[in-house]
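Going down the list, the sequences are from chains P and R.
Each residue of the first sequence is one higher than the one before, starting from 1 at the first, in this note's numbering.
Each residue of the second sequence is one higher than the one before, starting from 469 at the first, in this note's numbering.
Here's the structure we're looking at; comments come further down.
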Amino acid sequence: MKENNDIDKLLRASLDSYHPAPKASGKEKFLEEAADIVPGKNRPGAYWKPVTIAIILVALTGSLLWYLSSSDDTNAIYKNESSTTINDEDKTRVNQDIASTEKTDKPDSKQSSSLIENNVVHTEENITVTRETSNKISSDEKIKSPNNFASRATKLQSEPPATNASEQMPVPEPAAVKQDYIPYPVPSSTNPNDSLIKITPLAQQDSIVKNGISQQDSSGVSNPVPIPQKGGRMMLGLFYGIEKIYNAEESGKIMHSVGVGFQYRPFNPKYVVRIGAGINISPGSFDYGVDYNEFLGTYNHLDSVSFILAADNFHLLPNYHETQREVFDTAVRTQYLTTDKRFEYLYIPVMLGYDFVRKEHFTFGLRAGPSLSVLLNKKQDNPEFYIGRNQVVQVNLLTPLRNVMNWQVRGGLNFTIISKDNYFIELEPAFSWYFDQLSGEDEHKKNPYSVGLRMEIGILTKKPIVKE
Amino acid sequence: MEETLRLDWTERLKKGDKQALEEFYDTYSPVLLSICMRYTAVREDAEDVMHESLIRILKGLDKFNPRFSGSFEVWIRRITVNASLNFLREKMKAQKLNGWESREAIRLNEEPDDSSSLPQQLEPEAVIRLIGELPDGYRTVLNLYVFENYSHKDIAVELGISENTSKSQLSKARALLRKKVIAFCSHKQLVEDERE
């Protein structure tokens, strides 16, 4: 039982009706801040908006990377073919190919491989025709007009290569071709196509080829050509992160994150774009204030009394009908309780990186970028409290609710080891700075931050191009 | 009738009704300010804590169960007390104090005799000033015990101290306050006598 000291009585009596008026500026400040507060912003309806934004963000980034990946693949094929060398035999074959194409409208596979090459080689190779060959073409083939050759040659450049021999049209023998058209008369001194096609001497061709990608020595044997290193490496992996958070109500607690990561090097292998999606599991606790009326005891409450006539038919025997009732104190007391809780976030990191050191099996670099956390599991039911036989008046949650969405900026040092089988493992000590509080909004509080370690294991989906 | 009005009023607050916000402020800010002044001892600090409490209440309206509308005031008082305690914790952290246990020396032989009569009531401003002169630890325990009706066990849990420390702090707070009240009354009497 509380003692009722006279000083206590004095304090209560003096301050019982003391209600000082706050400063007038306080009201203005409150109304200004209150206008920005929507009490129901943490309601379930607000949950779908950030999730939708997050999904769109991931889809857009994924699409962009996929597009870049696809376009770079095509370049890679061209590049691999670019080391093809041209010798005299090939040139002759090309000339024949042009001739046969005139008849069939389809290039053959050998021609295709030449045509796919670099534009400089491609153009010169197909258009550089000896005067004899030109004459031969002009006399053997049925050419409607002088421009037909030029248009055909141009068409060959633009036509896609036929990769399957079965798709090619059979090439008829020149003799079998009917003489339906009058051969175009070719002047002996000048080529009628000169205005459209520049005839290049073979010696000059070599110099052009040397200036291009392919290089050829005097014996006609091709040399290995340094390939400019390009992007195109994709990495797919599973990541796990562990971090310790500070400046939050959960300060010092450990958070875990797991998910799938995708990395791509779009322009230069030293630069990397990394996206991912995962689940971030964060511990927390809720403080409750439970108002209750204390249980004092029970008593038997007399509901009614009935009487029956005794055997002597004279006396009445009472029969008491009672129920046991509980008695509670009318004073409201409060008990404070804390319950542990686990929060689950959808975690979407978008990171950009640069590698300072880049070896065949090891890279070291910097990674930095924004990360978005969207609260998935925010069910916060009042737990069952055991406070004996006391009567609960109400349960008040005293801890502010978790914010649905949280942006962080994250940076770390990345160490990657790549095995010969194209598997990789990444270790990344990182620092994260949170833009907002995890719970509620309090501008007077410092922003949370965390330090942690991220690990990822995965596979390179495309073999890296190694500079020779 | 009053409860019905209050229910309607909290609903309007949730919808962001400006008039309801003003009514809320006018009705409760003096009540909450008096609580904050008891804890913080400095008027400016009390106004800041009151403001923070009002914002917290507004943000936490969703958590308030309207079925118990009668205890709305209990709910907002608790939030204000928590905000005040947080303020004192931050203050102690800033001043690098170890905890709630104040160690102001009170020489027992100088304690006023219990038989010294205390007035029934004093001017509230004077009482607030005298409470504010107590060390933070004494003042906090005294406030929680006398005005919030916490038991020593509750105070021990809330402040992270032992029950015995709570009892000791309360006892010292009372003694020191009694001393201050008597001194204040004597001084007041002296001034009045001089005027006469």
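Just so you know, even glycine gets a beta-carbon here, dropped at the ideal spot from N, CA and C.
message: At the level of alpha carbons, what is the spacing between Ala514(R) and Leu31(P)?
response: For the purposes of this step, residue 514(R) is identified with residue 46 of the second sequence, where counting begins at 1. For the purposes of this step, residue 31(P) is identified with residue 31 of the first sequence, where counting begins at 1. So the two alpha carbons sit approximately 18 Å from each other.
query: How about Lys640(R): is its C-beta nearer than 7 Å to some C-beta of chain P?
result: The residue labelled residue 640(R) in the question sits at position 172 within the second sequence. Judged by the 7 Å Cβ criterion, Lys640(R) is not in contact with chain P.
query: His519(R) lies in the alpha helix (DSSP H); which residues open and close that run?
result: Numbered from its first residue, the second sequence carries residue 519(R) at position 51. Arg511 to Lys527 is the span of the alpha helix (DSSP H), which, as asked, contains His519(R).
query: Apart from the five residues on each side of it in sequence, which residues of its chain come closer than 6 Å, Cβ to Cβ, to Asn396(P)?
result: For the purposes of this step, residue 396(P) is taken as residue 396 along the first sequence, with counting starting at 1. These residues qualify, in order along the chain: Gly289.
- prompt: Which residues of chain P have a Cβ atom closer than 7 Å to the Cβ of Leu501(R), listed in chain order?
  reply: The sequence position of residue 501(R) within the second sequence is 33, counting from 1. Within chain P, the C-beta atoms nearer than 7 Å to that of Leu501(R) come from Pro20 and Pro22, in chain order.
Proximity to Glu490(R) [Cα-Cα], best of Gly278(P), Glu33(P), Leu460(P) and Pro429(P): By 1-based counting over the second sequence, the position of residue 490(R) is 22. For the residues Gly278(P), Glu33(P), Leu460(P) and Pro429(P), the minimum Cα distance to Glu490(R) belongs to Glu33(P).
Three-way DSSP call (helix, strand, coil) for Ser636(R) in this model: Start at 1 with the first residue of the second sequence, and residue 636(R) comes out as number 168. Secondary structure at Ser636(R): helix, using DSSP grouped into helix, strand and coil.
message: For Phe261(P) and Glu456(P), which I take to be in contact (beta-carbon distance under 8 Å), what is that distance rounded to the nearest angstrom?
response: Indexing the first sequence from 1 puts residue 261(P) at position 261. Indexing the first sequence from 1 puts residue 456(P) at position 456. Inspection of the sequence shows that residue 261(P) is occupied by Gly rather than by Phe. Confirmed, about 5 Å.
- request: Report yes if the C-beta distance between Leu236(P) and Gly458(P) is below 7 Å; otherwise report no.
  value: Indexing the first sequence from 1 puts residue 236(P) at position 236. Indexing the first sequence from 1 puts residue 458(P) at position 458. Between Leu236(P) and Gly458(P), the C-beta spacing is below 7 Å.
- prompt: What are the start and end residues of the alpha helix (DSSP H) that includes Phe555(R)?
  reply: Counted from its first residue, the second sequence places residue 555(R) at position 87. Per DSSP, Phe555(R) belongs to the alpha helix (DSSP H) from Phe540 to Ala562.
- prompt: For Asp530(R), which of helix, strand or coil comes out of DSSP?
  reply: As a position in the second sequence, residue 530(R) is number 62, starting the count at 1. The three-state secondary structure of Asp530(R), taken from DSSP, is helix.
field: Beta-carbon proximity of Ala643(R) to Ser634(R), cut-off 7 Å
entry: To locate residue 643(R), count along the second sequence from 1; it is residue 175. To locate residue 634(R), count along the second sequence from 1; it is residue 166. Contact flag unset, no.
message: Which residue marks the beginning of the alpha helix (DSSP H) containing Asp303(P), and which one marks its end?
response: In the first sequence, the residue the question calls residue 303(P) occupies position 303. From DSSP, Asp303(P) is part of no alpha helix (DSSP H) but of the beta strand (DSSP E) over Tyr271 to Leu309.
field: Phe30(P), enclosing alpha helix (DSSP H) - first and last residue
entry: The residue you call residue 30(P) lines up with position 30 of the first sequence. Taken as a continuous stretch (DSSP letters only), the alpha helix (DSSP H) holding Phe30(P) covers Ala24 to Ala35.
Three-way DSSP call (helix, strand, coil) for Glu322(P) in this model: Residue numbering aside, residue 322(P) sits at position 322 when the first sequence is read from its first letter. Three-state result, Glu322(P): strand.
Per DSSP, the bridge partner or partners of Ile418(P): Reading the first sequence from its first residue, position 418 is the one you call residue 418(P). DSSP output for Ile418(P) lists Phe424(P) as bridge partner(s).
Thr338(P) (DSSP reduced to helix, strand or coil): As a working note, residue 338(P) is residue 338 in the first sequence. Strand at Thr338(P).
- prompt: For Val327(P), which of helix, strand or coil comes out of DSSP?
  reply: Walking along the first sequence from the start, residue 327(P) turns up at place 327. DSSP places Val327(P) in strand when its eight states are reduced to three.
field: Helix, strand or coil at Tyr507(R) [DSSP, three-state]
entry: Along the second sequence, read from residue 1 onward, the residue named residue 507(R) stands at position 39. Residue state, collapsed to three classes: helix.
query: Which residue from Ala35(P), Val357(P), Leu460(P) and Met405(P) puts its Cα closest to that of Phe435(P)?
result: In the first sequence, the residue the question calls residue 435(P) occupies position 435. Here the closest residue by C-alpha is Met405(P).
message: I'd like to know if Gly289(P) contacts chain R, where contact means its C-beta is closer than 7 Å to some C-beta of that chain.
response: Taking the first residue of the first sequence as position 1, residue 289(P) is located at position 289. Yes, its Cβ sits closer than 7 Å to a Cβ of chain R.
message: When you compare the CB of Lys656(R) with every CB in chain P, is at least one pair closer than 7 Å?
response: On the second sequence, position 188 is the one that residue 656(R) refers to. Judged by the 7 Å Cβ criterion, Lys656(R) is not in contact with chain P.
message: How far does the alpha helix (DSSP H) with Leu15(P) in it extend, from its first residue to its last?
response: For the purposes of this step, residue 15(P) is identified with residue 15 of the first sequence, where counting begins at 1. Unbroken alpha helix (DSSP H) run through Leu15(P): Asp6 to Leu15.
query: So what's Arg402(P) in DSSP terms, helix, strand or just coil?
result: Residue 402(P) sits at position 402 when you count from the first residue of the first sequence. Strand, per DSSP.
- prompt: For Leu15(P) versus Pro592(R), is the C-beta distance shorter than 7 Å?
  reply: For the purposes of this step, residue 15(P) is identified with residue 15 of the first sequence, where counting begins at 1. For the purposes of this step, residue 592(R) is identified with residue 124 of the second sequence, where counting begins at 1. Yes, Cβ-Cβ distance for Leu15(P) and Pro592(R) is below 7 Å.
task: Give the interface partners of Tyr336(P) over in chain R, defined as CB-CB distance under 9 Å, in chain order.
output: Against the first sequence, residue 336(P) aligns to sequence position 336. Chain-order list of chain R residues neighbouring Tyr336(P): Asp622, Val625 and Glu626, by C-beta distance under 9 Å.
field: 8 Å Cβ shell around Thr323(P) - same chain, five flanking residues per side excluded
entry: In the first sequence, counting from the first residue as 1, residue 323(P) sits at position 323. Taken in chain order, the residues that qualify are Asn300, His301 and Asp303.
field: Beta-carbon neighbours of Phe30(P), restricted to chain R and to distances below 7 Å
entry: The sequence position of residue 30(P) within the first sequence is 30, counting from 1. For Phe30(P), the neighbours in chain R by C-beta distance under 7 Å run, in chain order, Tyr493, His519 and Leu522.
message: Which residue wins for smallest C-alpha separation from Leu460(P), given the options Thr416(P), Lys9(P), Ala24(P) and Phe431(P)?
response: For this step, residue 460(P) is matched to residue 460 along the first sequence. The option with the nearest alpha carbon to Leu460(P) is Thr416(P).
- prompt: Measuring CB to CB, does Val393(P) end up less than 7 Å from Lys244(P)?
  reply: Here residue 393(P) refers to the residue found at position 393 when the first sequence is read from its first residue. Here residue 244(P) refers to the residue found at position 244 when the first sequence is read from its first residue. With respect to Lys244(P), Val393(P) sits apart: the two C-beta atoms are not nearer than 7 Å.
message: Under 7 Å, CB to CB, which of the residues in the segment 240-266 of chain P have a partner in chain R?
response: Those residues of the segment 240-266 of chain P that come within reach of chain R (Cβ to Cβ, closer than 7 Å) do not exist; the list is empty.
message: Any beta carbon from chain R within less than 7 Å of Met351(P)'s own beta carbon?
response: Locating residue 351(P) in the first sequence gives position 351, where the first residue counts as 1. Met351(P) has a beta carbon lying at 7 Å or more from every beta carbon in chain R.
Beta-carbon spacing of Tyr345(P), Ser373(P) below 7 Å: Residue 345(P) sits at position 345 when you count from the first residue of the first sequence. Residue 373(P) sits at position 373 when you count from the first residue of the first sequence. For Tyr345(P) and Ser373(P), yes; Cβs fall inside 7 Å.
message: For Val273(P), count the other beta carbons within 10 Å of its own beta carbon; 16 or more makes it buried, fewer makes it exposed. Which is it?
response: Stepping through the first sequence from its first residue, residue 273(P) is reached at position 273. Classification for Val273(P): buried.
message: Would you say Val609(R) lies against chain P (beta-carbon separation less than 7 Å)?
response: Mapped onto the second sequence, residue 609(R) falls at position 141. False, the Cβ-Cβ gap to chain P never drops below 7 Å.
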